[in-house]
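Residues are numbered in the numbering used here as their position in the sequence shown, beginning at 1, plus a constant of 10. Following: one structure in structure tokens, then a few remarks.
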Amino acid sequence: MTDAGGAAPMGAVLVVGGGISGMTVALEAAEVGKDVFIIEKNAYMGGRVAQLNRYFPKLCPPSCGMEINFKRIKNNRKIRMYTMTQIKSVSGDAGNYEVTLETTPRMVNSNCTACNECVGVCPEERNNDFNFNMDKTRAIYKPHEMAMPMKYAIDAKACTKCGKCVEACKYDAIELDMAPKTFTLNVASIAWSTGWNPYDPAKMDNLKFNQSDAIITNMMMERLAAPAGPTLGKILRPGDNKEPESFGFVQCAGSRDENHLEYCSYICCMATMKQITYIRERYPEAPIYVFYIDLRTPGKYENFRAKLMDDPNTHFIKGKVADIVPESDGGVTMIAENAVTGEKIQQKVDLAVLATGMEPAAKAQAAGFGAEVDNNGFIISNEAKAMLSAGCARKASDVVTATQNSTAAALKAVQASRR
Numbered sequence: 011m012t013d014a015g016g017a018a019p020m021g022a023v024l025v026v027g028g029g030i031s032g033m034t035v036a037l038e039a040a041e042v043g044k045d046v047f048i049i050e051k052n053a054y055m056g057g058r059v060a061q062l063n064r065y066f067p068k069l070c071p072p073s074c075g076m077e078i079n080f081k082r083i084k085n086n087r088k089i090r091m092y093t094m095t096q097i098k099s100v101s102g103d104a105g106n107y108e109v110t111l112e113t114t115p116r117m118v119n120s121n122c123t124a125c126n127e128c129v130g131v132c133p134e135e136r137n138n139d140f141n142f143n144m145d146k147t148r149a150i151y152k153p154h155e156m157a158m159p160m161k162y163a164i165d166a167k168a169c170t171k172c173g174k175c176v177e178a179c180k181y182d183a184i185e186l187d188m189a190p191k192t193f194t195l196n197v198a199s200i201a202w203s204t205g206w207n208p209y210d211p212a213k214m215d216n217l218k219f220n221q222s223d224a225i226i227t228n229m230m231m232e233r234l235a236a237p238a239g240p241t242l243g244k245i246l247r248p249g250d251n252k253e254p255e256s257f258g259f260v261q262c263a264g265s266r267d268e269n270h271l272e273y274c275s276y277i278c279c280m281a282t283m284k285q286i287t288y289i290r291e292r293y294p295e296a297p298i299y300v301f302y303i304d305l306r307t308p309g310k311y312e313n314f315r316a317k318l319m320d321d322p323n324t325h326f327i328k329g330k331v332a333d334i335v336p337e338s339d340g341g342v343t344m345i346a347e348n349a350v351t352g353e354k355i356q357q358k359v360d361l362a363v364l365a366t367g368m369e370p371a372a373k374a375q376a377a378g379f380g381a382e383v384d385n386n387g388f389i390i391s392n393e394a395k396a397m398l399s400a401g402c403a404r405k406a407s408d409v410v411t412a413t414q415n416s417t418a419a420a421l422k423a424v425q426a427s428r429r
């Protein structure tokens, strides 16, 4: 494994995206003998799963599966890994693609031991995008607690190049003059595992996301509940750190809406069910209100939903939230119409959670690099072109489904690379 450029062997597979799906594709292809290059735009591998507190079906923390995959990647000489790297161009065709890539300077080299001495002397701060800007880090930072590679990075936008971190580093690991690196790879097939982004809640004017700290997204809730998150696992209201006494969930926030995402994002209902368990662990008696269009918890998840719906302090209201009104005490009032009774509801809560949908992360770029996309921006596998899609780049899905279709994509990539 390497983090630098180099010539590609014949029949190699390029995996675009280093989340759980990309790692699955890379490992499955490498373990049957293929040379694999995996690129990731972030400074770390793991994608969205790394940001979760727990995931289904067993409510495991991300470390359960991620650490095993990290170890398998480190120990597999068939896999070369490039972080902070993105595609600039793709030319050629199936069996013979030439891909130009660019690596953004990390400004920290492989000597880094993650000792943390540099952080204490850094005078500059940056918003921590890993925690959805709910806290800050220094300009030199560790991406997250289980980051791979386990080395620091410097945010070029925040760094003033004062040199204090260079002086503090005992290992000559910091290179403030590190330049971008452009290189090319020749590969036989390309597997797109570019994952998803939470739909931008600011686009839904009626939900007032930017007008109150009491309105967060479901991914922000994951970070609040995570032991290494901005509140060390305490679910507190951003802004004033109040312990909420009541909670509201807005389902289909942006999904199933012709003005936003026309499709069902599949995971939002189960994400809310999961997050209700987070709340119950910390606030056993707090009232919870869930406003929904339909509750979609397919197959094995039905029993999980049934247990939560038996909770007398958790109220499920069939009705779409039309408005959220910020209140002077820091809370918000959720306004909806009960679709069953016709009653207009105004429910005040201390913290409202928007169950925002999944938007394919590469929807604006993939087609320009030769991939086929559907009307919603999801990438369509084309075996004839040796362009495959995996995980949430292919469709909105949970972790289990994403890894399953990633295994299938790996098989198709291997078959395509034999032509």
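For glycine and all other residues, C-beta sits at the position ideal for the given N, C-alpha and C.
Of the other Cβ atoms in all chains shown, 16 or more fall within 10 Å of the Cβ of N415; this residue is therefore buried. Uninterrupted beta strand (DSSP E) stretches at least 3 residues long and entirely within the segment 57–100 occur at 89–93, given in chain order. For N392, the pairing in a beta bridge is given by DSSP as M397. Judged by beta-carbon spacing, A419 lies beyond the 8 Å limit of A104, meaning their Cβ atoms are not closer than that value. With a contact defined as Cβ atoms closer than 8 Å, G205 and G75 miss out at about 16 Å.
Proximity of the segment 302–312 to the segment 237–257 falls short of the contact definition, fewer than three beta-carbon pairs being nearer than 8 Å. Separation of the CB atoms of L186 and M117 is rounded to 6 Å, and the pair is thereby assigned contact status at 8 Å. Taken in chain order, the complete alpha helix (DSSP H) segments of 4 or more residues contained in the segment 290–326 are 312–319. By the 16-neighbour rule on beta-carbons within 10 angstroms, T113 is buried. In terms of Cβ geometry, A296 and F257 form a close pair [threshold 8 Å]. With 16 or more neighbouring CB atoms inside 10 Å of its own CB, D165 falls in the buried class.
Residue range 228–235 is occupied by the alpha helix (DSSP H) that includes M230. In the three-state reduction of the DSSP assignment, T343 falls in the strand class. With three or more CB-CB distances shorter than 8 Å, the segment 185–201 counts as touching the segment 92–109. Distance from the CA of L364 to the CA of A263, rounded to the nearest whole angstrom, comes to 6 Å. Looking at the DSSP output, V42 bridges to nothing. With a beta-carbon spacing of about 7 Å, I389 and A372 fall inside the 8 Å limit used to define contacts.
By the criterion of a C-beta distance shorter than 7 Å, E337 is surrounded in its chain by T343, K358, once the five residues flanking it on both sides are discounted.
Here F379 is not bridged, per DSSP, to any residue. Between Y54 and M158 a beta carbon distance of about 6 Å is seen, short of the 8 Å cut, so the two are scored as contacting. When secondary structure is reduced to three states using DSSP, S120 falls in the coil class, being assigned neither helix nor strand.
In terms of Cβ geometry, G340 and S203 do not form a close pair [threshold 8 Å]. Beta bridge pairing from DSSP links F142 with no other residue.
Shortest Cα-Cα distance from S407 to any of K328, N207, D139 involves N207. Y288 sits in a helix when the DSSP states are folded into three classes. Unbroken beta strand (DSSP E) runs of no fewer than 3 residues, entirely contained in the segment 137–225, are found at 146–148, 191–197, 199–202, 206–208, following chain order. With contacts defined by Cβ atoms closer than 8 Å, G329 and S265 do not form a contacting pair. If you compare the alpha carbons of Q425, A403, T411 with that of E393, the shortest gap goes to Q425.
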